[in-house]
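Q: I have a structure here, written as structure tokens, and I will follow up with some questions on it.
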Amino acid sequence: MILNLPVWTGSSQTTTAALQFPTTRRAFLPVIAATLIGFAMQTSPVSAEETTAQHRVLLHGKKGLVVVEPDGSIGWQMDWGGIHDLHLLPNGHILTRQGPATVVEIDPSTKSVVWSYDCGKQGGNAGKRIEVHAFEPLPNGNLMIAESGAQRLIEVDRDGNIVHQIALQVEKPNAHTDTRLVRRLDSGNYLVAHEADGKAREYNRDGDVVWEYEVPMFGKQSARGHGPEAFGNRLFAALRMDNGNTLIASGNGHSVLEVTPDKKIAWEIHQNDLPGIRLAWVTTLQILENGNYVIGNCHAGPGQPILIELEPSTKKVVWQLDRFKDFGNDVSNSLIIDDVELDWLN
Numbered sequence: 167m168i169l170n171l172p173v174w175t176g177s178s179q180t181t182t183a184a185l186q187f188p189t190t191r192r193a194f195l196p197v198i199a200a201t202l203i204g205f206a207m208q209t210s211p212v213s214a215e216e217t218t219a220q221h222r223v224l225l226h227g228k229k230g231l232v233v234v235e236p237d238g239s240i241g242w243q244m245d246w247g248g249i250h251d252l253h254l255l256p257n258g259h260i261l262t263r264q265g266p267a268t269v270v271e272i273d274p275s276t277k278s279v280v281w282s283y284d285c286g287k288q289g290g291n292a293g294k295r296i297e298v299h300a301f302e303p304l305p306n307g308n309l310m311i312a313e314s315g316a317q318r319l320i321e322v323d324r325d326g327n328i329v330h331q332i333a334l335q336v337e338k339p340n341a342h343t344d345t346r347l348v349r350r351l352d353s354g355n356y357l358v359a360h361e362a363d364g365k366a367r368e369y370n371r372d373g374d375v376v377w378e379y380e381v382p383m384f385g386k387q388s389a390r391g392h393g394p395e396a397f398g399n400r401l402f403a404a405l406r407m408d409n410g411n412t413l414i415a416s417g418n419g420h421s422v423l424e425v426t427p428d429k430k431i432a433w434e435i436h437q438n439d440l441p442g443i444r445l446a447w448v449t450t451l452q453i454l455e456n457g458n459y460v461i462g463n464c465h466a467g468p469g470q471p472i473l474i475e476l477e478p479s480t481k482k483v484v485w486q487l488d489r490f491k492d493f494g495n496d497v498s499n500s501l502i503i504d505d506v507e508l509d510w511l512n
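Our numbering puts the sequence shown at residues 167 to 512.
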């Protein structure tokens, strides 16, 4: 198995689209501390006999940026403030957020920032309230950034020049909630999760909305909060699937929905559908090569997993990561990185 990652040439280290990562690691990573081995990767509803999946995970929690190995040990850690998006680049660097509005590339081997773009100061935004909750490396080497507050998507080159931008349609403007995750589609369009609006919108290169879906409330009233007690349709992520449908993490809607192009729900899970699990603020989505979904379960509280892998056809949970004591209640972003060779973990 080879994992292909999008190209990004933001740092002085050049990468190419052809760069690939083999499945094996060059050296065995010893366990850092014997006590770490005992940390459970699953909660009680999934027994060791039932579980076939084990994963290496890059995530952000109260310890900062962390790589959790399949045996539960910590393979790498770096103190870091809160984030809302996270990418592993082909050169092994990490792309994430620093502060409310700066996108940075980190060299994990030195734990240093090697490239940055400050949306609060650059691109004509000086003096404005700007927050960044989404960004993505592009195949041409540029970087897409969603600027909440400025209500736009920009594409910047490695020198920090804006080479393309589109205005976003926002019904409830707020620098904190204009957007959550944004992802580029194969067509070149962008799929945007508009948190406060409760809508996923697909924009073409001219900024026209070519598809829109409002996350339903399912007949319920909105409820304030961040945990399982809250309710709404403040979605966090939307992914376009190979079958043309859209997979949506509904945030405080405590659900994951698969929606057809004509806006019919083809598949769904809700707050209490998974035995022994209570979904809270559903954040990240990752579709693995085997077709399974990995779901981020933020603000769920103690005794609940922060990550869940399930088989969509059966809705069977095959893996969980429950590390509330270690990573806290605010793990909003994570990434399964099983098949990537990383020298800085050696």
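Don't be surprised by glycine CBs; every beta carbon is placed ideally from N, CA and C.
For G241, which residues in the same chain have their Cβ closer than 6 Å to its Cβ, ignoring the five residues on either side in sequence?
A: Only L195, V233, E235, L511 meet the Cβ criterion.
Q: Per DSSP, what are the beta-bridge partners of D284 in this structure?
A: Paired residues: T268.
Q: When you compare only the Cα positions, how much space is there between N411 and P427?
A: Computed Cα separation, rounded: 6 Å.
Q: Between the alpha carbons of L271 and R350, how many angstroms are there, rounded?
A: The sequence as given places Glu at residue 271; Leu does not occur at that position. Taking the straight line from one Cα to the other gives about 19 Å.
Q: Whole beta strand (DSSP E) runs in the segment 217-248 with 3 or more residues, listed along the chain?
A: For the segment 217-248, whole beta strand (DSSP E) runs of length 3 or above, ordered along the chain, are 223-227, 230-234, 240-244.
Q: Give a yes or no on whether the C-beta atoms belonging to A267 and V223 are separated by under 8 Å.
A: No, Cβ-Cβ distance for A267 and V223 is not below 8 Å.
Q: Quick check: the Cα distance between D245 and K430, rounded to an integer number of angstroms?
A: D245 and K430: Cα-Cα distance of roughly 43 Å.
Q: Alpha carbon to alpha carbon, how far is I453 from H392? Give it in angstroms, no decimals.
A: For H392 and I453, the distance between alpha carbons rounds to 25 Å.
Q: Can you grab the Cα-Cα spacing for the pair L487 / L440, in whole Å?
A: Their Cα atoms are separated by approximately 15 Å.
Q: If the criterion is Cβ atoms closer than 8 Å, does the pair P274 and H259 meet it?
A: For P274 and H259, yes; Cβs fall inside 8 Å.
Q: Going by C-alpha to C-alpha distance, which of A316, L319, R324 sits closest to N308?
A: The residue with the shortest Cα to Cα distance from N308 is R324.
Q: Which stretch, first to last residue, makes up the alpha helix (DSSP H) that contains K491?
A: Run containing K491: 490-493, per the alpha helix (DSSP H) assignment.
Q: Which one or two residues does DSSP pair with K482 in a beta bridge?
A: The partner list for K482 (beta bridge, DSSP) reads E477.
Q: Can you pull the DSSP bridge partners for V279?
A: I272.
Q: Kindly give me the distance between the Cβ atoms of S500 and L225, rounded to whole angstroms, as I take these residues to be in contact under 8 Å.
A: So it is a contact: roughly 4 Å between Cβ atoms.
Q: Can you tell me which residues form a DSSP beta bridge with P303?
A: BP columns for P303 point to L309.
Q: For L451, which three-state DSSP category applies?
A: L451 falls in the strand class under three-state DSSP.
Q: Less than 8 Å between the C-beta atoms of A312 and V358, yes or no?
A: Yes, they are a contact pair.
Q: Around the C-beta of S388, are 16 or more other C-beta atoms found within 10 angstroms, so that it is buried, or is it exposed?
A: Exposed: under 16 other Cβ atoms inside 10 Å.
Q: Would you kindly work out how many angstroms separate the C-alpha atoms of H360 and T343, rounded to a whole number?
A: Each residue's alpha carbon lies about 7 Å from the other.
Q: So does S421 have its beta carbon nearer than 7 Å to some heavy atom of the ligand NAD?
A: No copy of the ligand NAD occurs in the structure displayed, which carries no ligand at all.
Q: Please identify the residue among S498, I502, P468, L473 whose C-alpha is closest to the C-alpha of F490.
A: Cα-wise, what sits closest to F490 is P468.
Q: Are the beta-carbon atoms belonging to G247 and G265 less than 8 Å from one another?
A: Yes, they are a contact pair.
Q: Per DSSP, what kind of secondary structure is L440 in: helix, strand or coil?
A: Residue state, collapsed to three classes: coil.
Q: Under DSSP, the beta strand (DSSP E) around K430 begins and ends at which residues?
A: Taken as a continuous stretch (DSSP letters only), K430 belongs to no beta strand (DSSP E), as it is neither H nor E.
Q: Mind checking which residues open and close the beta strand (DSSP E) that includes K365?
A: Segment 365-369, the beta strand (DSSP E) holding K365.
Q: With 8 Å set as the bound, which would you pick, yes or no: does the beta-carbon of H465 sit closer than that to a beta-carbon of chain C?
A: No chain C appears in the structure shown, which is made up of a single protein chain.
Q: Where E455 and P303 are concerned, what is the direct C-alpha to C-alpha distance, given to the nearest angstrom?
A: Answer to the nearest angstrom: the Cα atoms are 20 Å apart.
Q: Tell me which same chain residues have a C-beta within less than 8 Å of the C-beta of R371, skipping the five on either side of it?
A: Within the same chain, R371 has close Cβ partners H330, I332, G354, N355.
Q: Among the residues of its own chain, which have a CB less than 7 Å from the CB of D363, if the five just before and after it don't count?
A: V336, E337, K338, listed in sequence order.
Q: What three-state label does DSSP hand L511 in the structure shown?
A: Three-state result, L511: helix.
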